[in-house]
Amino acid sequence: MFISADEITQTLHMIQSEHLDIRTVTMGISLLDCVRDSADATCGAVYAKIMKRAARLVPECEAIEREFGIPIVNKRISITPAALLMGNFKPDECVKLALTLEKAAHDAGVNFIGGYSALVHKGYTEADVKLIDSIPEALAATTAVCSSVNVATTKAGINMNAVRDMGVLIKKAAELTKDSGGSACARLVVFANAPEDNPFMAGAFHGIGEPECVINVGVSGPGVVLSAIKKVRGEDFTVLAETVKKTAFKITRMGQIVAQEAGKRLGAEFGIVDLSLAPTPAVGDSVARILEEMGLEACGAPGTTAALALLNDAVKKGGVMASSHVGGLSGAFIPVSEDEGMISAVRRGSLSIEKLEAMTCVCSVGLDMIVVPGDTSASTISAIIADEIAIGTVNNKTTAVRIIPAPGLKEGDTVEFGGLLGEGPVMRVNPFGSEEFIARGGRIPAPIHSLRN
Amino acid sequence: MNKAIITVLGADKKGIIAAVSGYLAKNDINILDISQTIMANIFTMITMVDISEAAKPFDEIYDDLKKLGDELGVVIQIQLAEVFDAMHRI
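Structure representation (C-alpha cells):
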C-alpha cells in the first residue's frame, strides 16, 4: 500500500481525537466594481456580486469535508474595505451597507463576513470618516458583520487621531450591545500593518492588491501539536522545535490540499494558507496548554515569551514548506476568551495584559479578545491600542487589538460570548491615566529601519 | 484512477470483511489493497479502492457505508486517498 496503515490511523487520530480541522475557508471577493451613484444602488450591486461569487461556497466546502474526511469549521467571506465603496453614501446611510452584508452572509450560509473596514494609517478620507463613525451602530445592528480599521503601518507611522477615535468607538459599540456583554467589540479589530489576505475573523478583508475572487485557508491544530510534544517531555529544545516543525508540516498540508481543491471547485484563485495555530474554547485545543506543556507552571509565568517564540517560529518553518503560498497572519494566536488555557491562566492570576503585550512581540496577532472593566476610559483603551500598535509598527509586523470594555462588569467577572468567541474573564487594567497623551492627536512618525537595536 | 481509503473500526465479529467487500463488488468498486488486524481488541481494516468506475456518486457510497457500519456495529469511513498522500508524502 502506498500509504501505511500507521500513517492512515495517525491522520484519523489527529482529526478524531486531537481536533485537527480546517478552521476557516474564506472567500475574498473584490467589490470595487459595485460602486454606484447612490447608497441603494451600491448596496444592490454588492448583494448581487457576493451572491454570484459565494452562493456555492458552503455546499462545495461541505462536499470537500465529506470527501476528504476533514472538518471545515467555518466558511466565511471577506470583501473590499467597505469605506472604498462609500464615497456616494450620506453619513446616515452607511448602516444600510452593513445590513446588506448581513443579509448576504445569511443567504450564503456563512457565519461571518469581514471587511466593514477602513485603512486610515496616514489619515481619513471623507468616506473613511463616514464608515468609522457608523461602526458601533453597524455592529450592533448585525451579528455576522466584522469590522477592522488599520491605524498604522511601518512605512506611514501611527495615525494617533484614529487611535484616539477607536477608543471612543469601542466604548460606544460596547454600550450599544451591553445586553450581551459588549459583544459588538468582539467583531472589531484595530490593526497595524493589516494583511490583505487574512482568512481569520474578525480582521479579514479583501485587500485592493488581491485578485477578483480568492480562496484563503486557515488551519488549526493546537491539539495535534500538544499531543506531539507530550511525547518528547523532558527532551531539549532542539528536539522540541523539531517535533513542532514536523507536526506543523502535516497540519499545513491539510490546509494546502483543501485550499487548492476549494479554489478549483469554486472557480476562484488559491490565495494563501495561513499558518496560524488557532485555538478554540474546547478543552485540548489551546495554545496556552502547549506553552505549559513545554515546562511552564502556568501560561504567563516567566519563560512564556520564549516558549511562544519557539512555538511560533517552528510552526512557520514546518508550515512554509508544506504550502506553495503562505500569508495572512501566520503566527500563533493568543486570544484570551477563545482559549481554554488562557482563560484559566487569567483566573489563576498568572496572565496579565502586560504579559500578553510582551508575548505579542514574538507572535501574531496582538491583544486579542481581552475583556476589561466597563468603566475603563476611552483614553485608556486608546492608550492600550497605541502600545500594541507601536509594537507592530516598530517591529515591521502585524499587531492588532480586539478589546471589550464589558458594560457594568468589573475585574474578576466573566462575560459569556458563546460559540467560538468563548468566555472572557474581566482583566485588570493599570489604573493610571493616559488622557493627555491620547488628547494630543496627530501622527507618530514612521520608525527608522536602519540603526536597528 | 480515483483512489479512496476505506477504514473500518469496531468490535470484531464474523463477516465484516465479507459484508464490506460484498458491497464494494456490487457497486463496481475495485479493491486495490486490503489489510486487517486486531489492535487492542479493536477490529481495524484499511482498504484502498478505486472508485473511478463506481456505480454510484461519492455521496451515496459514503451514506451506504455509514449505514452498513451501523448494521455491523462498526464505524466505516471513506475518504479520498489524496488527503493521506498530502499529509505523509512530500
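Those protein sequences? They're chains A and H, same order as listed. Under the numbering used here, the first residue of the first sequence carries the number 59, and numbering increases by one thereafter. Under the numbering used here, the first residue of the second sequence carries the number 234, and numbering increases by one thereafter. Quick reminder that beta carbons are idealized off the backbone N, C-alpha and C, glycines included.
Asked: Along the alpha helix (DSSP H) that carries R194/A, what are the first and last residues, could you check?; Found: The residue you asked about is not Arg; residue 194/A is Pro in the sequence shown. Note, P194/A: alpha helix (DSSP H), 184-198.
Asked: Quick check: the Cα distance between Q68/A and V345/A, rounded to an integer number of angstroms?; Found: 21 Å
Asked: Between M320/H, E304/H, E315/H, which lies nearest to V253/H when the distance is taken from Cα to Cα?; Found: E304/H
Asked: What residues from the stretch 282-310 of chain H come within 8 Å of chain A, judged by C-beta to C-beta, listed N to C?; Found: F291, D292, Y295, Q310
Asked: How big is the Cα-Cα spacing for Y105/A and C92/A?; Found: 9 Å
Asked: Check whether chain A comes within 8 Å of M234/H, counting only Cβ atoms and requiring the distance to be less than that.; Found: no
Asked: Count the other CB atoms, across all protein chains shown, that sit within 10 Å of the CB of E355/A; report buried if there are 16 or more and exposed otherwise.; Found: exposed
Asked: For M278/H, list the residues DSSP reports as bridge partners.; Found: V241/H, Q269/H
Asked: Shortest alpha-carbon distance to G329/A belongs to which of E151/A, G386/A, K110/A, I447/A?; Found: G386/A
Asked: For chain H, check one thing: does any of its Cβ atoms lie closer than 8 Å to the Cβ of L324/A?; Found: no
Asked: Only counting the same chain, and skipping five residues up and downstream in sequence, which positions put a Cβ closer than 8 Å to that of R134/A?; Found: T82, V83, T84, M85, V168, N169, F170, I171, G172, P257, M259, A262
Asked: Does any CB atom of chain A fall closer than 8 Å to the CB of A251/H?; Found: no
Asked: Between which two residues does the alpha helix (DSSP H) carrying T418/A extend?; Found: Where T418/A is concerned, there is no enclosing alpha helix (DSSP H), given that its DSSP letter is neither H nor E.
Asked: Could you name the residues that DSSP lists as bridge partners for S437/A?; Found: Looking at the DSSP assignment, S437/A forms no beta bridge with any residue, so it has no partner.
Asked: I61/A and D296/H look like a contact to me (Cβ under 8 Å); what is the Cβ gap, rounded to whole Å?; Found: Contact flag wrong, Cβ pair sits at about 25 Å.
Asked: Among residues of its own chain, excluding the 5 on either side of L78/A, which ones have a beta-carbon nearer than 6 Å to its beta-carbon?; Found: M72, G279, V282
Asked: Closer than 9 Å between beta carbons: that is the criterion. Which residues of the stretch 124-147 of chain A meet it against chain H?; Found: R124, E125, F126, G127, I128
Asked: Between H507/A, I401/A, K288/A, A359/A, which lies nearest to E351/A when the distance is taken from Cα to Cα?; Found: K288/A
Asked: Are the CB atoms of T100/A and N146/A within a distance shorter than 8 Å?; Found: yes
Asked: What residues from the stretch 265-284 of chain H come within 7 Å of chain A, judged by C-beta to C-beta, listed N to C?; Found: D266, S268, I279, M281
Asked: Run through chain A and tell me which residues come within less than 8 Å of V316/H, C-beta to C-beta.; Found: T69, F126, G127, I128, M312, I315
Asked: Please state the DSSP three-state secondary structure of T211/A.; Found: strand
Asked: If we ignore side chains and look at the alpha-carbon of each, how far apart do C119/A and H507/A end up?; Found: 43 Å
Asked: In whole angstroms, what is the alpha-carbon distance linking L257/H and Q312/H?; Found: 15 Å
Asked: Along the chain, where does the beta strand (DSSP E) containing F249/A start, and where does it finish?; Found: 246-250
Asked: Let me check understanding here. Comparing Cα to Cα, which of H321/H, V316/H, R322/H, I323/H lies closest to A317/A?; Found: V316/H
Asked: Spell out whether any CB of chain H is found under 8 Å from the CB atom of A306/A.; Found: no
Asked: Compare the C-alpha of V431/A against each of I449/A, V423/A, P465/A and name the closest.; Found: Note that residue 431/A corresponds to Pro in the displayed sequence, not to Val. Cα-wise, what sits closest to P431/A is P465/A.
Asked: In the DSSP output, what is F170/A paired with across the bridge?; Found: R134/A
Asked: Per the contact definition of three or more C-beta pairs closer than 8 Å, is the stretch 371-387 of chain A in contact with the stretch 329-343 of chain A?; Found: yes
Asked: What residue does the alpha helix (DSSP H) around N370/A start on, and which one ends it?; Found: 362-380
Asked: Mind checking who F328/A pairs with in its DSSP beta bridge?; Found: I273/A
Asked: Please identify the residue among T200/A, L155/A, A162/A whose C-alpha is closest to the C-alpha of A185/A.; Found: L155/A
Asked: Can at least three beta-carbon pairs, one atom from the stretch 437-457 of chain A and one from the stretch 242-254 of chain A, be found at a separation below 8 Å?; Found: yes
Asked: Measuring CA to CA, which of E446/A, S395/A, I449/A, S435/A is closest to D471/A?; Found: S395/A
Asked: In chain order, what residues of the stretch 275-287 of chain A put their CB closer than 7 Å to some CB of chain H?; Found: none
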